[in-house]
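Residue numbers (the working numbering): 34 to 173. Backbone N, C-alpha and C define an ideal beta-carbon position, used for all residues, glycine too. Remember, predicted model here, so these are calculated numbers, not experimental data.
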Amino acid sequence: MSVALRPSSKDGVIEAAFGHSMEELHQQQAAASVSPAVQRMLELRRFLTVAEGHLDEVRDRLHTATAPGQEPAAEDLAVDIQWLAAATTAKAQYAQAIDELLRTMPTSSSRPAAARPVATALPVPPAAPASTTPAVRRNR
34 MSVALRPSSK DGVIEAAFGH SMEELHQQQA AASVSPAVQR MLELRRFLTV AEGHLDEVRD
94 RLHTATAPGQ EPAAEDLAVD IQWLAAATTA KAQYAQAIDE LLRTMPTSSS RPAAARPVAT
154 ALPVPPAAPA STTPAVRRNR
């Protein structure tokens with residue numbers, strides 16, 4: 034299954050944030066009509082779905098190896114447990130990156146209209162009192 038078509042654990046949050054289904058977001062991306070926020074989100078989502086796919090594969094392999102009547106090799110289990118830990122960490126990091134992107138880069142529909150800069154007068158320092166004595170120049 035294509036990474037773009039595979040569901041991810043963050044699809045609901047992404048769809049809610051951008052107001053479109055994942056299918057619609059991918060169609061917009063294919064038509065090159067997405068914002069940079071959507072482009073980055075879809076890229077992170079692809080990474081997340083790959084990590085979730087790896088997690089599923091390792092979990093299934095562990096279930097098969099530890100099924101009743103199986104004699105799993107200790108070395109194989111140790112490697113699979115390392116893979117499971119790595120895939121779990123990757124999934125958590127990609128999910129956190131998606132949450133962070135959603136928090137820091139709102140969609141264009143939720144952004145307030147760009148405010149026009151307003152010219153403000155800077156405070157003018159008071160004028161220095163005029164000195165009645167001439168300035169003394171020092172030669173060094």
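* To which residues of the same chain is VAL91 closer than 8 Å at the C-beta, ignoring the five residues directly before and after it? -> ASP113, TRP116, LEU117, ALA120
* From GLU57, SER68, SER42, ARG39, pick the residue whose C-alpha is nearest to that of MET138; which is it? -> SER68
* Near VAL46, which residues of its chain fall below 8 Å by C-beta distance, leaving aside the five closest residues on each side in sequence? -> For VAL46, where only same-chain residues beyond five positions count, the Cβ hits under 8 Å are ILE131, ASP132, LEU135.
* What three-state label does DSSP hand MET55 in the structure shown? -> Note: MET55 maps to helix in three-state DSSP.
* To do: Pick helix, strand or coil for GLN103, following the three-state DSSP scheme.
  => coil
* Just the C-alpha distance for GLN62 and ALA123, rounded to the nearest angstrom, thanks. => If I take the Cα positions, the gap works out to 25 Å.
* Give the single residue among ALA100, VAL83, PHE51, HIS87 whose Cα lies nearest to the Cα of GLN72. => PHE51
* In angstroms, rounded to a whole number, what distance separates the CA positions of LEU95 and PRO101? -> 12 Å
* Backbone secondary structure at ALA118 - three-state DSSP -> Helix at ALA118.
* Could you check the C-alpha separation between VAL36 and LYS43 for me, to the nearest Å? => 14 Å
* Asked: Among the residues of its own chain, which have a CB less than 7 Å from the CB of TYR127, if the five just before and after it don't count?
  -> LEU77, PHE80, LEU81, ALA84
* Does DSSP put MET138 in a helix, in a strand, or in coil? -> coil
* Would LEU58 be called buried (16 or more neighbouring beta carbons within 10 Å of its own) or exposed? -> Burial state of LEU58 is buried, judged by a 10 Å Cβ sphere holding 16 or more other Cβ atoms.
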